[in-house]
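**Student:** The following block contains the structure, expressed as structure tokens.
Number of protein chains: 2
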Amino acid sequence: MGEHYTRYLLSKDPSVEIVGADIKPLRTGPGGDTQAGKVTFYRGSFLDKKWVFDIIKRHKPDRVINLASYSSVAFSWENPSECFVNNTNIFLNIIDSVRELKSGAKVLSVGSSEEYGPVSEKDMPLEESMRTGPINPYAAARVAQENLSGVYAAGYGLDIVCTRSFNHVGPGQPDIFAVSSFARQVTEARLGLRDKITCGNLGIVRDFIDVRDVVKAYDLLLEKGKKGEIYNVCSGEGYRLSEVLEMLKRKAGVDAPVEKNAALVRPADNPVIVGSCRKLESATGFKRKYDLSRSLDDILAYWKNSLERASGISGKNK
Amino acid sequence: MGEHYTRYLLSKDPSVEIVGADIKPLRTGPGGDTQAGKVTFYRGSFLDKKWVFDIIKRHKPDRVINLASYSSVAFSWENPSECFVNNTNIFLNIIDSVRELKSGAKVLSVGSSEEYGPVSEKDMPLEESMRTGPINPYAAARVAQENLSGVYAAGYGLDIVCTRSFNHVGPGQPDIFAVSSFARQVTEARLGLRDKITCGNLGIVRDFIDVRDVVKAYDLLLEKGKKGEIYNVCSGEGYRLSEVLEMLKRKAGVDAPVEKNAALVRPADNPVIVGSCRKLESATGFKRKYDLSRSLDDILAYWKNSLERASGISGKNK
Chain A
1 MGEHYTRYLL SKDPSVEIVG ADIKPLRTGP GGDTQAGKVT FYRGSFLDKK
51 WVFDIIKRHK PDRVINLASY SSVAFSWENP SECFVNNTNI FLNIIDSVRE
101 LKSGAKVLSV GSSEEYGPVS EKDMPLEESM RTGPINPYAA ARVAQENLSG
151 VYAAGYGLDI VCTRSFNHVG PGQPDIFAVS SFARQVTEAR LGLRDKITCG
201 NLGIVRDFID VRDVVKAYDL LLEKGKKGEI YNVCSGEGYR LSEVLEMLKR
251 KAGVDAPVEK NAALVRPADN PVIVGSCRKL ESATGFKRKY DLSRSLDDIL
301 AYWKNSLERA SGISGKNK
Chain B
1 MGEHYTRYLL SKDPSVEIVG ADIKPLRTGP GGDTQAGKVT FYRGSFLDKK
51 WVFDIIKRHK PDRVINLASY SSVAFSWENP SECFVNNTNI FLNIIDSVRE
101 LKSGAKVLSV GSSEEYGPVS EKDMPLEESM RTGPINPYAA ARVAQENLSG
151 VYAAGYGLDI VCTRSFNHVG PGQPDIFAVS SFARQVTEAR LGLRDKITCG
201 NLGIVRDFID VRDVVKAYDL LLEKGKKGEI YNVCSGEGYR LSEVLEMLKR
251 KAGVDAPVEK NAALVRPADN PVIVGSCRKL ESATGFKRKY DLSRSLDDIL
301 AYWKNSLERA SGISGKNK
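Residue numbers (the working numbering), protein chains in the order written: chain A, 1 to 318; chain B, 1 to 318.
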């Protein structure tokens, strides 16, 4: 996300001042090279309030976006307390610094469709006015963050805009996520590196949005989103995972058999999650650029490129 | 709360084993003497997970009740981050220790009517199925605690029962709370120590429940409350603050004038908050023992006693 966001901001205005901060070092080299030299970077822990406070005090940002959080539901079940404490306390350290400094920065609070909890097909598409019902530690942290945003916006006048972001796809996404994993496996099959595709529950329907469109939506919300409001960031379209896999196989010309692995099936998952993006569109004029087919093309190209590079296969020899 | 709870448990079963823990030392002497010698007490910080974990590991409690939290809305506005982090992280350290130890302890999560947020008169009495809408840092922390309780109950099988507790009254309550402040002032007027009563907004209606009934409700919920369920702990009756003040003046035979102090009026307060206690009653058979009139008698007696003691006035000479 940070890498795509940096690239987006620089393409819009090469003179933009970007300050990045993370507990991990800034990525450089292939994939990360757009950032090096163009970002003022601080390495440290967002759980250290003074460190966060000092960065905001020094740079007086116009806009702040927090992408520092554990974002895996599975991880949150393994480490519930760590996930909740990190995600909420990091966010609090940021907005509390903005409050204390009266910095006037506009803040984007990134939430998740997981906040809606168990929903039924008749509730689709999900709208922001629906009540939340978190059923995992990750979702509980996102709801807490959203509630704190509301309190800081209404109670202290902070200019905070909240999202409920749906499933991301895009080139560069780790293959712990289903679509990226499918694309990698399909590409491996095409390169003769595997003869079958392993998957979880292919029956579920999700709303996928390309990370590059997410970045655009976030930037628009930081420009035009209303203080204290919540916006779904989604495509508004549902695809069954089986369809996504078929699209990938067709695009790659692969016909490998598909095998279900029970370990990849989540307990009690929602059968269908599709969001309404009307509020986002009418508030910001957002139109997405990447439909799912185009995203899948780019994801396949990403895996082809990185697998060929890793295995020493030259694209020209294929 | 802890003092009343200890007294209640000991009166029910003098052989009960009570383990207390707090960052402040155990109160002894008048008011606190019921605890000394009857409670195994640990002094330390609940933010220290290992300390919490070790106490639960050593004593293997059947029941755990967490009363360690900042409970003032006003304080939470002054110290939002401290209030949120303390209240949620303390609670997480407790339930996460119970989870890791597979201790099987039943846990009471104490929440608040503040979780309901802005409500209108037609929503009365408030029922547990209504959606929450926290509008201050304290309430946001209580909602987070409740959501975490739900996740730990459904996801890890912890036996957690949640309350949404309404306004407490009772002898011994500090006079930062309205009813205790009124009773103290009325008593001071009766003793000739003041000639007028100062108050905030007397027009609001609240649901008051005596701390001794709260203790009984909590004990019943720890016995009979259902895992993952939420219960209002309230009287089901609404009293306007002006009525409460009139009752106190009548009982004390005081006719001092009443003066409104704007600094005591909260911004944007709910005009009416009354809860439904049907769910609590049908689940546990709870019946309250102290109606408001009886509570006020005891609160007046408490203040008479402590003011006379403080000023050296003997009751016999009056």
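Idealized CB from N, CA, C, for every residue including glycine.
Please identify, using Cβ separations under 9 angstroms, the residues of the region 134 to 166 of chain A that lie next to chain B, in order along the chain.
**Tutor:** Residues 134, 135, 136, 137, 139, 140, 141, 143, 144, 147, 148, 150, 151, 152, 154, 155 and 156.
**Student:** Since residue 286(A) meets chain B, which of its residues come closer than 9 angstroms, beta carbon to beta carbon?
**Tutor:** What residue 286(A) touches in chain B: nothing, since even the nearest Cβ is about 27 angstroms away.
**Student:** Flag residue 302(A) as yes when its Cβ comes closer than 6 angstroms to any non-hydrogen atom of the ligand ZN, and as no otherwise.
**Tutor:** Among the components modelled here there is no ligand, and therefore nothing to report on the ligand ZN.
**Student:** Which value, in whole angstroms, describes the spacing of the CA atoms of residue 301(A) and residue 251(A)?
**Tutor:** Approximately 11 angstroms between the Cα atoms of the pair.
**Student:** Are residue 182(A) and residue 209(A) close, meaning C-beta to C-beta below 7 angstroms?
**Tutor:** Going by C-beta atoms, residue 182(A) is not nearer than 7 angstroms to residue 209(A).
**Student:** Would you check if there are 3 or more beta carbon pairs closer than 8 angstroms linking the region 193 to 206 of chain B to the region 272 to 283 of chain B?
**Tutor:** Output reads yes: the region 272 to 283 of chain B touches the region 193 to 206 of chain B.
**Student:** Return the first residue and the last residue of the alpha helix (DSSP H) that residue 301(A) is part of.
**Tutor:** Per DSSP, residue 301(A) belongs to the alpha helix (DSSP H) from 292 to 311.
**Student:** Which residues in the same chain as residue 261(A) place their Cβ atom closer than 8 angstroms to its Cβ, once the five residues preceding and following it in sequence are excluded?
**Tutor:** 198, 199 and 200.
**Student:** Counting only runs of 4+ residues fully inside the region 202 to 235 of chain A, write out the alpha helix (DSSP H) ranges in chain order.
**Tutor:** For the region 202 to 235 of chain A, whole alpha helix (DSSP H) runs of length 4 or above, ordered along the chain, are 211 to 224.
**Student:** Roughly how far, in whole angstroms, is the beta-carbon of residue 161(B) from the beta-carbon of residue 221(B), given that I think they are within contact range, below 8 angstroms?
**Tutor:** At roughly 5 angstroms, the Cβ-Cβ gap stays under 8 angstroms, so residue 161(B) and residue 221(B) are in contact.
**Student:** With a cut-off of 7 angstroms, does the C-beta of residue 266(A) fall near any C-beta of chain B?
**Tutor:** So, not an interface residue.
**Student:** Which residues mark the beginning and the end of the beta strand (DSSP E) in which residue 107(A) is found?
**Tutor:** Per DSSP, residue 107(A) belongs to the beta strand (DSSP E) from 106 to 112.
**Student:** Could one say the Cβ of residue 92(A) lies closer than 7 angstroms to chain B's Cβ atoms, at least one of them?
**Tutor:** Yes - at least one Cβ of chain B is within 7 angstroms of the one on residue 92(A).
**Student:** Grab me the residues of residue 188(A)'s own chain with a C-beta within less than 6 angstroms of its C-beta, minus the 5 sequence neighbours each way, in chain order.
**Tutor:** 194.
**Student:** Over what stretch of residues does the alpha helix (DSSP H) that includes residue 198(A) continue unbroken?
**Tutor:** It is not in any alpha helix (DSSP H) - residue 198(A) instead sits in the beta strand (DSSP E) that spans 197 to 199.
**Student:** Give a yes or no on contact between the region 122 to 139 of chain B and the region 64 to 81 of chain B, applying the rule of three or more CB pairs nearer than 8 angstroms.
**Tutor:** Yes, the region 122 to 139 of chain B touches the region 64 to 81 of chain B.
**Student:** Is the region 63 to 79 of chain A touching the region 62 to 74 of chain B, taking contact as three or more C-beta pairs under 8 angstroms?
**Tutor:** Contact between the region 63 to 79 of chain A and the region 62 to 74 of chain B is absent, because fewer than three Cβ pairs lie under 8 angstroms.
**Student:** Checking 7 angstroms against the spacing of the C-beta atoms, do residue 45(A) and residue 18(A) come in under that value?
**Tutor:** Not closer than 7 angstroms, so no.
**Student:** Give me the subset of the region 46 to 73 of chain A whose CB atoms are less than 9 angstroms from a CB atom of chain B, sorted by chain position.
**Tutor:** So the list reads 49, given in the order they occur along the chain.
**Student:** Give a yes or no on whether 7 angstroms exceeds the smallest Cβ distance from residue 89(A) to chain D.
**Tutor:** This model lacks chain D altogether; the protein chains it does include are A and B.
**Student:** For residue 85(B), decide whether its Cβ has a neighbour in chain A, counting only Cβ atoms nearer than 7 angstroms.
**Tutor:** Residue 85(B) counts as touching chain A.
**Student:** List the endpoints of the continuous beta strand (DSSP E) containing residue 79(B).
**Tutor:** Where residue 79(B) is concerned, there is no enclosing beta strand (DSSP E), given that its DSSP letter is neither H nor E.
**Student:** Helix, strand or coil: which one does DSSP assign to residue 99(A)?
**Tutor:** Residue 99(A): helix per DSSP, three-state reduction.
**Student:** Cβ of residue 269(A) less than 7 angstroms from any chain B Cβ?
**Tutor:** It does not: the Cβ of residue 269(A) has no partner Cβ on chain B nearer than 7 angstroms.
**Student:** For residue 65(A), write down the residues that DSSP places opposite it in a beta bridge.
**Tutor:** 108(A), per the DSSP bridge assignment.
**Student:** Go ahead and label residue 144(A) buried or exposed: buried means 16 or more other beta carbons lie within 10 angstroms of its beta carbon, across all protein chains shown.
**Tutor:** With 16 or more other Cβ atoms within 10 Å, it is buried.
**Student:** Is the beta carbon of residue 279(B) closer than 7 angstroms to that of residue 128(B)?
**Tutor:** A contact, by the Cβ cut-off of 7 angstroms.
**Student:** Along chain A, in chain order, which residues have C-beta atoms closer than 7 angstroms to that of residue 96(B)?
**Tutor:** Residues of chain A passing the Cβ test: 80 and 81.
**Student:** Check whether chain B comes within 7 angstroms of residue 320(A), counting only Cβ atoms and requiring the distance to be less than that.
**Tutor:** The structure shown does not extend to residue 320(A), since chain A spans only 1 to 318, so no value can be given for it.
**Student:** Going straight from the alpha carbon of residue 38(B) to that of residue 16(B), what length do you get?
**Tutor:** Rounded to whole angstroms, residue 38(B) to residue 16(B) spans 9 angstroms at the Cα level.
**Student:** What does residue 77(B) reach in chain A if we use C-beta pairs closer than 8 angstroms?
**Tutor:** By Cβ distance, chain A contributes 155.
**Student:** At a CB distance below 7 angstroms, what residues from the region 110 to 135 of chain A approach chain B? Give them in sequence order.
**Tutor:** Listed in sequence order: 131, 134 and 135.
**Student:** Who are the Cβ neighbours of residue 173(A) in its own chain at under 6 angstroms, not counting the five residues just before and after it?
**Tutor:** Cβ within range, chain order: 180.
**Student:** Considering only residues of the same chain and omitting the five flanking positions on each side of residue 149(B), which have a CB-CB separation below 6 angstroms?
**Tutor:** Excluding sequence neighbours, residue 149(B) sits near 109, 160 and 162.
**Student:** Here's the rule I'm using: 16 or more other beta-carbon atoms within 10 Å means buried, otherwise exposed. How should residue 57(A) be labelled?
**Tutor:** Residue 57(A) is exposed by the Cβ-count criterion.
**Student:** With which residues is residue 260(B) paired in a DSSP beta bridge?
**Tutor:** According to DSSP, residue 260(B) bridges with 199(B).
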